[in-house]
Every structure is written in structure tokens, then in C-alpha cells.
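For reference, the structure discussed in these notes is given below.
Protein chains: 2
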Amino acid sequence: MTQPLPHVVIVGGGFAGLWAARALRTAPVRITLLDRGNHHLFQPLLYQVATAGLSAPDIAAPLRQILRRQENVEVRMATVSRIDADARQVEIEDATGGQRLDFDYLMLASGVTHDYFGNEQWAAHAPGLKTLDDALDLRRKLLLAFERAEAETDPDERDAWLSFAIIGGGPTGVELAGTLSEIARHTLSGEFRNIDPARARVRLVEAGPRVLSSFPDDLSRKARAQLEKLGVEVHTGVPVEEITAEGYRRGEEFVRARTVVWAAGVAASPLAQCLGVPLDRAGRVKVQPDLSVPGHPCIFVAGDLAAIDRADGRPVPGVAPAAKQMGRHVARTILARLDGREGTHFRYRDYGNLATIGRMAAVVDLGAWRFSGMLAWWFWLLAHLFFLVGFRNRIVVLLNWSVAYWTHQRAARIILGGDDRSDTK
Amino acid sequence: MTQPLPHVVIVGGGFAGLWAARALRTAPVRITLLDRGNHHLFQPLLYQVATAGLSAPDIAAPLRQILRRQENVEVRMATVSRIDADARQVEIEDATGGQRLDFDYLMLASGVTHDYFGNEQWAAHAPGLKTLDDALDLRRKLLLAFERAEAETDPDERDAWLSFAIIGGGPTGVELAGTLSEIARHTLSGEFRNIDPARARVRLVEAGPRVLSSFPDDLSRKARAQLEKLGVEVHTGVPVEEITAEGYRRGEEFVRARTVVWAAGVAASPLAQCLGVPLDRAGRVKVQPDLSVPGHPCIFVAGDLAAIDRADGRPVPGVAPAAKQMGRHVARTILARLDGREGTHFRYRDYGNLATIGRMAAVVDLGAWRFSGMLAWWFWLLAHLFFLVGFRNRIVVLLNWSVAYWTHQRAARIILGGDDRSDTK
């Protein structure tokens, strides 16, 4: 009888989880990868599903398919309800009921969700964008707003349906605002008989002093200028204090907008609280330099859920490259431990920071080299195509983008979930 | 002051409605095209969305986009709640409320939905396939069944989750059964650790004596042989008498099957009843030879909702070419009336009958020329690509099919609507 292989449980099939599992492909371990859904999602392009440029399957691939040749992995579609760090057990739930899994190593990479800073009642009026289902709901909401405006006979109501607000000037907010403005001004041009979609107002509202605050000042300014050129009204410096079905209040002003999107705050997956260790303000786990959890050297946290600083004191950003690096680092640490060695400290390699804004508009910060506009947009586009998982997905996305570029059309302007339209009321 | 243009109201943006609207593009009329959804659907490929081969937007295009250059059309996303044939009014409802529209000509092309022959309680256990939302629900149900089987520890339950039944041996049932068998035997191969998906049983149940009964006898037999070669168990001659969450009863036998799909009956859109004219057993309108409604020469019915016989007494089939021909014929009749002429009788031009079964398996009946197998499959494939609306859609579908052909993979194996998995219980 040989001894059973050490069991590595990975929670979350995002960039951190998937890259960790892959990095352990030749390791003498058995791996269980747990995810609520059945797919790995290429989150950087999620806003394009929401804005009808891509289909959901274009940016996602089944985890089982990606990992089917890796025989030491078992993929399970389940939610994790509890973690018992001392007993080294996770409690999972799926359609067959609940179950406890013992683990020798645990990597928690369940990510973040949107946060309304204590104003959970805003969620009903200003949905966020984290999952494919969020993206399809948002697509539906955006497309139905124009339908509703077309059907309205009252001019004030019509204007309210043609008024869109994106709350939060980070990368997601900027992408959504720029793309939505393009849709209104170009894609829908000539399709309506009672409204001119180009009259739609798209407001991007940021509480801080500038958009894309993770970028240097000059690129923030360029991003703002590019947004304004695309027709977006950018409002910075004053936070939103109230969101209702009618619009939002910002300082003294109440702005009517039937469609408000939340792209402002993130909160960590509540699972982090099970660990009983210090969390940062957003609920992320303050990990040790090797990404393990204080007091539990066999439990690691990676991806957006991990709070860790770089050598210069700035935090490691919640972006895909950081998540992949963390996932691989945890895998290396587990391999080292299995060999009786100590793991090393995680060091984030910053390859640069990209954000797209809209057609031919983007900003790129590669440290020494910063640029914006058309060149930055091509750079963003090629980088994202390159990193997209799956050969087919790359070709389909490239094709959809090419058609969108030449025709201003968007491939996925299909309203789904359509039998009950009561939510447009 | 010129006289207002005659108002043509078209209900339904399917093949009949869209082709009628297009055929009236130079006519001195104003057209209102009403549809519940925002898109035209290429229904012949709907089963491929359900079986995860294509994305929803691949087989649909926004009606507004298709018709945006045709200035005499207004597209409205609304449901029709009532038709007052004598007053020449339709009552519509959208998110802004209800409204009455006067018409000079009306074409009703609201299609058919599935029918459970009075057993509406079966709908919960055996969903049908008519809309994109149906297709996404079915995709989810099929993919979750394998997930559920993988998670089950009880062998009987596991078998029940690996047992699939398609009720109805028409083209949709045959397509679904053949494709599902391919998914189980090839696509999912090697992806699960606790089950062998190839052990899944796919049963196709037809009450009549043969599958594809609209085809000649020899092609029916060939279709059955091809299905069996793909691994489908074909059961004919005995109707299903009961469907529950556990399976179905057929004669003396209760077959356990957690996933049952309804592809058996169609019933006409209930709007037909508003007309107060004779309907056939399925609720379709028995139209006059010019497709008008008895007693209402300015009201026409086209597409699947119209019941009309060919010269040889056989009914015109409910297929896309017939719907297009009817739509164009109604347009021509309206043009003739505007010119003070009488319309002609509708004559269905039968270009043949195709049905696909699965990989390299199909049957084609072109009257004098009948064939099956690989050649028929290529013929089906090219014909469907050719008729798909939109250049982009054709390329994406071709690409998805090519990848599926070479790799056995399917592009859209993404479970959506995933936060609540209670429906798998």
C-alpha cells in the first residue's frame, strides 16, 4: 500500500486558481478545484459581454475542458460554505447536499464581489458587473432602456431613459462609459423612429479627483480627454450619496437617470472571514510574504482576495497578471514543502497597466513607456487577444472586433430573459 | 395635405413577418412590425444553442438592425394582447402601458409554441424549445445533469441523471437526440472523474410508427439507423402517458430519466382565437387561398400559424421556406390591392426537406433525389449556413462548426443563470 497523495483543495477557478492547478500538473498531489460555475471567465473582457460586443461563451471556457488532460485534478461544481482551518476541512454544498473535504493544502481564490459601502439598497437600482450573469443582465438593461425611450411619449420620461450613469471611474467604469457612448452614437444610429439615440447622455461619476487613479496623472488626464471626445460627461470629486430607480444624488444635485451601473467598490468574498485572521478594510486577507495565512502555513490566499504590498509599499493590484503570478507562486510553495524545503516570498512582477476607453482610445503605462490613443488601443487589443484562453475564442473575438470596428455594429445585441419585461417598468 | 399612407401592421418578426416587411420596402405604406423580443431568430439552428454548439447571438440579429435602412418600417418591441378584426385595431402592451393601433392591413405571424396535449403539468419536467430563452434553459439543464451525475454517490440516482429522453421524433427531437449522444460520447470524454459520460443513455420516444414522419419511408428508416449508430435508443409506436421529475411512463414501462425534453407537439399562438374564424385542431387559422382570413380580406395569417393545403391535399409544412414564401405572398397581395387589383392564390414551392441527425448524419429529400449520411450532412450544413442572416453570423457559425468537427468540442458549454442551482434538485 502506498500512502495517499497529499490533497490540495483550490477554491475558485479564476486566474489564480486555474494557474495554480496547472502549475501543479506534474506534482505528486491530488487536486480538487471547486467553483460555483462550470467555467473559467476571462474577466478583462466581461464589459464587452455587457455592452453586446461579445457572446458569453466567447470569453469563457469550461473548467473541465481546460483541465481534462490533467489527471491529478478533479473539478467540482460546488459552493464552499465554511472553512475549518484548524481541522483542515472545507464544507461544500452542491445539488446533492453538503459534504466535508479534508485537505492538506488549501488555496482560497474566490475573488471579490461588488460593494455598496453599506448602501445595499442601491444594488436593486445600480447593478454591478462581476459574473457572466451580471453581464447578461446589464446588457438587457442597457438595450431595454433604448427600447423604453422609443416607446415613451412623455418627453421627460424619454430623457430619463436616455440618461445613463456609471458610478466609479476605475477601468470597468471607464470601459463601460466609453463603449456605451459609442453604442448610442454609432451602433444604434438610424434604427429608431421616435428617438435619436445619439442624444443619450452618458455620465461617468467618480468620487475621487480623477479617473483611472491607478495610472499616472498624465494618463488619467488623457483618459478623461478621450472619454469626453467619445461623448462621455465625466464628473469627478464628489461622491454619489443616493441612488434610486429615478436617478442619483451627488452633492446638491439629483440627476435623473433610469439606468445606473455600479462600478465603484469591491468587497472580498465572505469566505475570508472563516479563516479568523486579520482582514483589510475591503475584507481581503492580509497574507504572509509567501501568500500563506498567518498561523496556518498550509492555507494560502491568492488573487483579488489576497492583500499584500509590493516592495515599495504600494499594494499588489487586483488584476489578472497578479492573480496568475500568485497562483503559480502558491503552487511552487506547495512543491517546495513537499520536497521539505521552505517556500520563497512572493514578488509581483509588474508588466504594466492597460485600460481601454472606447474605439481607438486607451491608455498604456509600461513604466518607462507611457502612451495613449490609437497606439495604446491596438496594444490593449493585441494583449487581450493574446491572453484569451482558447484558440477558437481568439478567432471569434478577433472576428467580432473586426466587424465592430468596420461597421460600428455589435455582434450580441440580443435581449435574453425576455418573457417578463416587468423589470423595465 | 397628402393622404396618410395605408398602415400595415405585422405581428411577429420571424421568417414570415420579416420577409413580408422586406418585400414591402418600396411600397407606399407605413409598416409597424411588432415582436415580443428585439431579434429575428434563425430557428432551424436553435437546437445548436440548446446543445452548446452555438451562442445565442450567433443565430439571432436585432430586428432594428436588419431593417434600419428601410424607412417605411417602425419596429416595436411589444406584445399583442388582442385583435379587433371588425374595428381594424390591435391592442398592444409594452413597458409604457397599453395602446391601440389602427391598421389598414394586418398580417398575423406570431407562430406556434409547444403543446402538451392537455397535460400542462408536464411542462415543468419536460421543457420545450421555441425561443432563445428556452434554448439557454435547456442547455443549462443538459449540462447540469452531467454535473449532478458526477456529484451523486448513489448509483441509481447517478444512472437517472445520466438518462435523457427526448419526446417527439420530428426534426427537432432527432437533432437533439443525435447531438446529445455525441456530446456524451465525445465532447465530454475524459472530463469527469467519477462517471463515464459515454454511459449516458439517450432515448428518442415517438408515439407514431416512425421518426421524421414528414419524410418518405426509406429516409425515415435511414434516419433511425443513423441515430442508432450515434448511440441513440429509438422507441416508436407507443405514446408517453405520464411525465414526472423522475422519468416518464410509456405503456407498462416507467423509465427513469432526470432530463426529459419535449419536442412533440405544437399549438398555435393564442392570438389566432381573437379572429373569431375557424381554426384547425392545433389552433392554426384556416386561411383562404390568398392567405387572408375568411370574412376579413385585409387580415392575413402567415407562417406556422396559417393552416393551408397544397394542391395535392397535403398541408404546407411549418418550415422556414414556407414562412418566407407566405410573407412575400402577403406583401404581393397588399401591393396588388393598393393598385386596385386582386391578389393571387398562394402556391407553396417545395424545394425539398432536410433534417440533420448528428455528426455526418442527415437525410435530404429533394423529391426526385434522396440521400442520407455524409453527403446529406454537408448539404444540410451548406444550406443552413447560406440562409443564416448576416455575414458575421455565417463566419462565426462556420468557425464553430469547423472547430466542433475537428475537435468534438462545443463552443458554448457555459452554464448561465448559475447563482441558484436549486432547479437541479
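Protein chains in written order, with the UniProt record's numbering: chain Z, 1 to 425; chain Y, 1 to 425. C-beta atoms are modelled at their ideal positions from N, C-alpha and C, and glycine is treated no differently.
Segment limits, beta strand (DSSP E) that includes residue i
i, result
"Ile92(Y)", "Gln89 to Asp94"
"Phe371(Z)", "Arg370 to Ser372"
"Gly173(Z)", "Taken as a continuous stretch (DSSP letters only), Gly173(Z) belongs to no beta strand (DSSP E), being part of the alpha helix (DSSP H) at Pro171 to Glu182."
"Trp262(Z)", "Thr259 to Trp262"
"Ser189(Z)", "Counting along the chain, Ser189(Z) falls outside any beta strand (DSSP E), and DSSP gives it neither H nor E."
"Arg201(Z)", "Arg201 to Glu206"
"Val240(Y)", "Val240 to Ile243"
"Leu129(Y)", "Careful: Leu129(Y) lies outside any beta strand (DSSP E) and carries neither H nor E."
First through last residue of the alpha helix (DSSP H) which encompasses residue i
i, result
"Glu252(Y)", "Neither: Glu252(Y) is in no alpha helix (DSSP H) and is coded neither H nor E."
"Asp35(Y)", "Element bounds for Asp35(Y): not the alpha helix (DSSP H) but the beta strand (DSSP E), Arg30 to Asp35."
"Leu219(Y)", "Asp217 to Lys229"
"Gln99(Z)", "Segment Gly97 to Asp102 is the beta strand (DSSP E) holding Gln99(Z); no alpha helix (DSSP H) there."
"residue 426(Y)", "Residue numbering for chain Y in the displayed model covers 1 to 425; residue 426(Y) lies beyond these limits and cannot be assessed."
"Leu46(Z)", "Leu46 to Ala50"
Collapsed DSSP secondary structure at residue i in the structure displayed
i, result
"Met107(Y)", "strand"
"Asp115(Z)", "strand"
"Ser292(Y)", "strand"
"Thr153(Z)", "coil"
"Leu142(Y)", "helix"
"residue 436(Y)", "Within the shown structure, residues of chain Y are numbered from 1 to 425, placing residue 436(Y) beyond reach of any answer."
"Ser163(Y)", "strand"
"Ala123(Z)", "helix"
"Asp365(Y)", "strand"
"Leu388(Z)", "coil"
"Ala268(Y)", "strand"
"Leu375(Z)", "helix"
"Ile10(Z)", "strand"
"Thr407(Y)", "helix"
"Val211(Y)", "coil"
"Leu41(Z)", "strand"
"Glu233(Z)", "strand"
"Asp423(Y)", "Model confidence at Asp423(Y) stands at a pLDDT of 35, short of 50, so the residue's coordinates are unreliable and nothing is read from them."
"Trp401(Y)", "helix"
Beta-carbon proximity check, residue i vs residue j, cutoff 8 Å
i, j, result
"Pro317(Y)", "Asp309(Y)", "no"
"Leu176(Y)", "Ala267(Y)", "no"
"Phe346(Y)", "Leu106(Y)", "no"
"Gly352(Y)", "Gly367(Y)", "yes"
"Ala302(Y)", "Met326(Y)", "yes"
"His7(Z)", "Asp104(Z)", "yes"
"Val330(Z)", "Ala20(Z)", "yes"
"Arg224(Y)", "Val211(Y)", "yes"
"Ala13(Y)", "Gly111(Y)", "First, the residue type needs correcting, since residue 13(Y) is Gly and not Ala in the sequence shown. Cβ atoms of Gly13(Y) and Gly111(Y): not closer than 8 Å."
"Ala361(Y)", "Gly170(Y)", "no"
"Leu188(Z)", "Ile415(Z)", "no"
"Leu63(Z)", "Asn38(Z)", "yes"
"Val238(Z)", "Tyr248(Z)", "no"
"Ala198(Y)", "Ala207(Y)", "no"
Any non-hydrogen atom of the ligand NAD closer than 7 Å to residue i Cβ
i, result
"Met326(Y)", "With respect to the ligand NAD, the structure shown offers nothing to examine, as it has no ligands at all."
Go through the region 54-91 of chain Z residue by residue and report every complete run of the alpha helix (DSSP H) that reaches 4 residues or more, in order. 63-66
My parser needs the alpha helix (DSSP H) runs of 4 or more residues fully inside the region 277-337 of chain Y; what are they? none
Do the region 28-39 of chain Y and the region 339-357 of chain Y meet, that is, are 3 or more Cβ pairs less than 8 Å apart? no
Would you say the region 223-239 of chain Z touches the region 125-138 of chain Z, given that touching needs at least three Cβ pairs under 8 Å? Because the criterion of three Cβ pairs below 8 Å is not met, the region 223-239 of chain Z and the region 125-138 of chain Z do not touch.
Say whether the region 269-284 of chain Y touches the region 253-261 of chain Y, bearing in mind that this needs 3 or more beta-carbon pairs closer than 8 Å, one atom from each stretch. no
Would you say the region 135-154 of chain Y touches the region 44-61 of chain Y, given that touching needs at least three Cβ pairs under 8 Å? yes
Inter-stretch contact (C-beta, 8 Å, three-pair minimum) for the region 159-173 of chain Z and the region 199-207 of chain Z: Touching, yes, given that three or more Cβ pairs across the two stretches are closer than 8 Å.
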